[in-house]
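A short write-up of the structure that comes next.
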Amino acid sequence: MSKIEAGRLTLNQTSFDLYHLLSSLEEMLELKAETKGLSLIFERDFTVDQYIKTDESKLRQVLINLLGNAIKFTDCGSVILRVQQKTIIQQFPVTDILHQDSLETLPETTISSTEEQVRIAFEVEDTGPGIAAEEIDLLFEAFGQTESGRKSKEGTGLGLPISQQFVQMMGGDIAVDSILGQGTIVKFFIQVGLAKSADIQLQSSKKLVVGLVIGQPHYRILIVEDAVENRQVLVTLLAMTGLEVKEAVNGQEAVELWLSWQPDLIWMDMRMPVMDGMEATRRIRANLPDQKSPIIIALTANAFEEERAQVLQAGCDDFVSKPFREHIIFEKMAEYLGLKYEYAESHNSGNLIENLPEISDPSSLRLDSLVLMPPAWIQEFHEAVLCTKEKRIFELIQQIPEPYSALAFSLKKLANEFQFDQILAVTETLIP
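Quick note on numbering: the sequence shown equals residues 10 to 441 in this note's numbering.
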C-alpha cells in the first residue's frame, strides 16, 4: 500500500477489447461461483463501447478483487456484475441502492486528453451477509475488517483500498452500499478513451507456439518455483519449443544454479521456502560476473501491482502475475531475449477471441488417451475438477504415464488457465 501512496505506480493506458476482458473474467470465475451454488451473472448494456483505452491491467485487477470478494462472502443467491456507459454524470450518492437509473449519479471528474472520453460504470451486487452502515468506511482502510469479515474469518486485506486507488487513477471513484442481512453493492466508474478495432493490435503470440524460428541464438532458461505443478507446466511449455531449461525449487538452489550454469533468463517465484525470490534476486545482482547479466522476471501470486515496486527494486526486470497464461510467458521472452516463434496454423487469425491457443479446444485433450486411463482415475479426476480441488487435480495429472505426456500437458495448461469446463466436457462423457 505504501508504494501506491508514495505515487510510484503509473497509469499504463492501452487500447483493448472490453467485451473480451469481461467474457474472460466471467469464464474464469464461473466455476468458482458454481461450486458454491451461486449464480454469476454479467449484464452489459448495449450502449457500452467494445473498444476502449485505459489501464487494462488495473481494471482487470479491480474487477477480480470485487467479484472475488463477492463470491467469497456470499453463501447463497447470486453475484451480478452490471456495466453501463454514461456521458453525463453529476452525482454519486452512496445511500441509494444502485441499479439502472442510479448509474447516472456518479461524480464529475475530468482527465486532460485530446481523445473522446466517456464514463463506464460498474456495479457488483451480491446477496451476502451485508455490512453495517457504520462499518463501510473500514472497507477502505488497509487491513480494515468488518464484523462480517471477522465472522467468516476472512478479510479483504488491501483489496478495497488498492481498488479505490486504481479506480481514482483511472479518473473515477468507488462507493459501497449495503444492507445488513440482505447484501452489498460496490459501484465504481472510470473515465476512458474510445478506441477502434484497428487500434487493437493482434499479437501473434496469442497463437499456439510450436517451436523456435531456426537460426536464433541458444538460450538457457532457469525456472525457480516451489509449487511442483507450476514448475512442471513451465518446464514442459518451454522445453517443447527447443529452449534449454533447468529448474530450482527455492532461491538458494537458484543462486547456486545461476553461478554454475549462467542462464540467460530466470523465471523467479517470489514466495518460496529456504530463500525467497527477492533475496535470491538481490544475491544474483550483487554477485554479477562481468560477462553475464541475466534477465529476471518475477512470478507473483499477488493480484495487485503494489508488489511491483518491491520486485523491481530487488533487481527483477519485470513481473508476471499468477495464474500465468502461455502467451504472456512467450511475449516476455520475446521482449527480453528477442525470441521469434513458429506458430500453429490458424484459420481465424483476424478474430481476437477465436485466435486463442488451440489447446483450449476440448478435443486437444486427446480423448483416445484419456480412455486408456483407469476408470477409477477418471472418476476421481472428474470429481476433483468438479469441486476445483486444485492440489488433487495436479497430483492426479502427475500419475499420467509418460507415453501420454501430451495429455498431461494439455490438462496442466487448462487447469492453470481455469478452463475447468473444457476438462469436464470430456471427462463427463467417460464416467458411468
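For each residue, glycine too, the CB sits at the ideal point set by N, CA and C. Note that the structure is predicted; figures quoted are calculated from it, not measured.
- For D208, the three-state secondary structure derived from DSSP is helix.
- The beta carbons of E65 and T23 sit closer together than 8 Å.
- For Q428 and V394, the gap between their C-alpha atoms comes out near 10 Å.
- By the C-beta density criterion, T56 is exposed, having fewer than 16 other C-beta atoms within 10 angstroms.
- In this structure W270 touches R229 by the C-beta definition: roughly 7 Å separates them, less than 8 Å.
- Scanning its chain for C-beta atoms nearer than 7 Å, with the 5 sequence neighbours on each side dropped, one finds around D208 the residues S24 and Y60, in chain order.
- Here S48 has S87 as same chain residues with Cβ atoms under 6 Å from its own Cβ, once five neighbours each way along the sequence are excluded.
- Nearest in C-alpha terms to A236, of all of A248, E340 and N259, is N259.
- In this structure D135 is in contact with A79, their Cβ atoms being roughly 4 Å apart against a cut-off of 8 Å.
- Under the three-state reduction of DSSP, M277 is assigned to strand.
- The beta carbon of L433 sits closer than 8 Å to the beta carbons of H391, V394 and L395 from its chain, once the five residues preceding and following it are set aside; these are given in chain order.
- Its Cα nearest to that of D430, the residue K41 stands out among W267, F197 and K41.
- The Cβ atoms of P226 and P272 do not sit closer than 8 Å to each other.
- As DSSP reads the structure, R91 sits in a beta bridge with E52 and E132.
- In the displayed model, I73 falls within a helix according to three-state DSSP.
- V176 and L75 have their C-alpha atoms roughly 12 Å apart.
- Take L439, set aside five residues on each side of it, and the residues of its chain with a beta-carbon closer than 6 Å to its own are I387, in chain order.
- When DSSP states are grouped into helix, strand and coil, S66 belongs to the helix group.
- Fully contained in the segment 250-297 are the following beta strand (DSSP E) runs of length 3 or more, in chain order: 253-257 and 274-278.
- Within the same chain, Cβ atoms closer than 6 Å to the Cβ of G190 are found at G139, the five residues on either side in sequence being excluded.
- Secondary structure note for R229: its beta strand (DSSP E) is the uninterrupted segment R229 to V233.
- In the DSSP assignment, Q407 falls outside any beta strand (DSSP E) and within the unbroken alpha helix (DSSP H) covering E399 to Q407.
- Its chain contains N259 and Q261 as the residues whose beta carbon lies nearer than 6 Å to that of V283, once the 5 sequence neighbours on both sides are disregarded; these appear in chain order.
- Secondary structure of F25 (DSSP, three-state): strand.
- Shortest Cα-Cα distance from G251 to any of V219, A295 and K421 involves V219.
- Here the alpha carbons of M279 and I402 stand approximately 23 Å from one another.
- Contact between I145 and I89 is ruled out by a C-beta separation of about 20 Å, above the 8 Å threshold.
- Of the residues assessed, Q408 falls on the exposed side of the cut-off, its CB having fewer than 16 other CB atoms within 10 angstroms.
- Exposure of Q322 is indicated by the presence of fewer than 16 other C-beta atoms within 10 angstroms of its C-beta.
- In this structure, the straight-line span from the alpha carbon of V320 to that of E399 is close to 27 Å.
- Contact annotation, L266 with A257: C-beta distance approximately 5 Å; criterion of less than 8 Å satisfied.
- In the three-state reduction of the DSSP assignment, I440 falls in the coil class.
- Within the model, the alpha-carbon separation for E253 versus Q126 is close to 48 Å.
- When DSSP states are grouped into helix, strand and coil, I171 belongs to the helix group.
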